[in-house]
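Residue numbering for the sequence shown follows full-length UniProt numbering, beginning at 1 and increasing consecutively. Have a look at the structure below, then the notes.
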Amino acid sequence: MFKPPLPNQRLSSKALDQPMIHVRSIGSSQSNRLNRTSSGSRHRPGSSQRSLSFSKTDLHSKYGVPLVTAQNFVVMNGNDGINLASFNSKKRVQVASLTKLMTCYVAIQLIRDLKINIYQIMYVSYDAVQISGTSAFLRPYDRITLYDLLHGLMLPSGNDAANVIAENLSSFIKDPVSNIALQYRIQPFISLMNQYALLLDMNDTQFYNPHGLSNDQSFSCAEDLAILCKQIINDPLLMDIVNKKEHQATIQRNNKLIKLTWENTNKMLEFDGYCGFKTGFTNKAGPCLATLFKKDTICIIIIILNCLSKEVRWDDTIKLSNWAQRKLSID
């Protein structure tokens with residue numbers, strides 16, 4: 001059985017052995033949560049340790065943080081991981097397709113650790129594509145490379161691609177059983193997503209599916225997602241994928257080769273300096289966006305959740321990014 005690499009600690013493999021993940025209820029106590037700030041470090045204005053007592057108006061008047069519509073946000077210095085500003089950043093909420101950041105991250109870890117050929121052909125099952133929401137337009141019994149699937153996951157935000165990845169890679173983690181429901185077939189991969197969340201100290205995160213469609217047993221928070229994105233910026237393959245505006249995939253369908261062109265849903269890539277990460281939206285999560293701005297020595301990670309509208313999320317991100325750029329330039 002595959003176990004994730006644990007550089008600093010050894011986690012139990014119990015989560016992989018269970019047929020279903022252990023469900024933690026939203027709002028449960030986190031008395032054992034690790035403190036991510038060293039005792040000798042200084043608290044920055046708007047950091048998660050102080051934002052609990054500040055409203056968005058307070059952050060604006062005291063520290064000049066722009067007023068935005070996002071109900072949860074964090075602005076992190078991508079170079080050192082220090083939060084420059086945050087609001088409700090530890091609140092557990094649904095995060096829609098930002099879930100796919102972990103799906104892609106875990107998939108790439110498996111590719112490397114198990115030496116899986118990234119151009120290996122993956123099988124698209126009937127059950128995997130019976131899903132609503134954003135799609136990579138896969139069809140039952142298609143055959144497609146894992147490399148193309150990762151693009152179908154991240155650019156058009158394909159919920160179908162997420163299921164196909166989770167189902168196929170689960171077979172590398174644990175011996176597959178075909179005559180059970182899809183949710184059980186993909187469980188080894190989802191369990192691994194949760195193990196990596198614990199490994200990264202994303203203690204306010206739990207995944208129940210690989211795509212992010214609404215489910216009360218799935219949740220995360222802005223701060224945890226920023227921690228994940230801090231890892232992602234050090235992964236050249238993942239960064240190459242999320243920075244592409246479009247990708248053309250080749251699919252074997254009905255004994256023919258067809259081409260599909262996927263466009264990235266992330267409009268921030270049209271602006272100078274913006275090079276990732278991912279959009280997200282469900283009715284319950286609201287419009288969400290994870291963004292990377294990188295220019296010269298400045299590296300900024302911005303996570304905004306539950307914005308007023310899909311269009312406003314671009315404006316919210318640019319406001320916070322411009323503020324952070326000025327702050328880092330001054331500091």
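Think of the CB as a built atom: it goes at the ideal place given N, C-alpha and C, for glycine as much as any other residue. As the structure is a prediction and not an experimental result, all values here were calculated from the model.
I'd like the list of long-range same chain contacts for residue i, defined as Cβ closer than 8 Å, with 5 residues on each side in sequence excluded.
i	result
Thr134	Ser97, Pro156, Ser157, Gly158, Asn159 and Thr265
Ala285	Val93, Gln94, Val95, Ala96, Gly212, Ser214, Leu305 and Asn306
So the candidates are the options; which of them puts its Cα closest to the Cα of residue i?
i	options	result
Val129	Ala162, Phe73 and Gly286	Ala162
Ser170	Phe219, Val65 and Thr103	Thr103
Thr69	Asn234, Lys56 and Ser61	Lys56
Lys100	Leu308, Ala166 and Gln120	Ala166
Lys91	Asn72, Met154, His151 and Ile116	Asn72
Gly78	Ile298, Gln252 and Asn243	Ile298
Leu260	Leu200, Val242 and Phe137	Phe137
Buried or exposed: which applies to residue i, given that a residue is buried once 16 or more other Cβ atoms fall within 10 Å of its Cβ?
i	result
Tyr208	buried
Gln248	exposed
Ser132	exposed
residue 351	There is no way to answer for residue 351, as the model of the chain reaches only from 1 to 331.
Ala85	buried
Leu149	buried
Gln195	buried
Pro236	exposed
Glu246	exposed
Gly64	exposed
Arg112	exposed
Leu114	exposed
residue 337	An answer regarding residue 337 cannot be provided, because it is not within the stretch 1 to 331 covered by the chain.
Arg143	exposed
Thr291	buried
Output the boundary residues of the alpha helix (DSSP H) element that contains residue i.
i	result
Ser61	Lys56 to Tyr63
Ile227	Ala222 to Ile232
Tyr196	Gln187 to Leu199
Using the C-alpha atoms, what's the distance from residue j back to residue i?
i	j	result
Phe271	Asp296	15 Å
Ile318	Cys288	14 Å
Leu228	Phe54	25 Å
Phe172	Asn322	44 Å
Met202	Asp224	5 Å
Leu59	Gly276	26 Å
Leu67	Asn254	52 Å
Tyr184	Leu198	21 Å
Met239	Gln325	21 Å
Leu6	Trp314	Interpretation of Leu6 is limited by its pLDDT of 44, a score under 50 that renders its predicted location unreliable; the figure taken from the coordinates is listed afterwards. One C-alpha to the other measures close to 36 Å.
With respect to the beta strand (DSSP E) encompassing residue i, which residues constitute its N-terminal and C-terminal limits?
i	result
Pro287	Gly286 to Lys295
residue 398	This structure cannot settle anything about residue 398, because the visible part of the chain is limited to 1 through 331.
Val74	Asn72 to Asn77
Asn83	Asn83 to Phe87
Thr122	Checking the sequence, you will find Met at residue 122 rather than Thr. Met122 -> beta strand (DSSP E) spans Ile121 to Tyr123.
Glu167	First-last for Glu167: Asn159 to Ile173, but that is the alpha helix (DSSP H), not the beta strand (DSSP E).
Arg92	Here Arg92 belongs to no beta strand (DSSP E), and DSSP marks it neither H nor E.
Give every residue of the same chain whose Cβ lies closer than 6 Å to the Cβ of residue i, excluding the five residues on either side of it in the sequence, and list them in chain order.
i	result
Met76	Asn83, Ala226 and Ile301
Thr279	Thr265, Asn266 and Leu289
Arg10	With a pLDDT of only 30 at Arg10, under the threshold of 50, the placement of this residue in the model should not be trusted; the figure read from the coordinates follows. Same-chain partners within the cutoff: there are none.
Gly273	Phe293 and Lys295
Asn168	Met122
Leu146	Ile118, Gln120 and Met122
Met193	Met102, Val106 and Phe207
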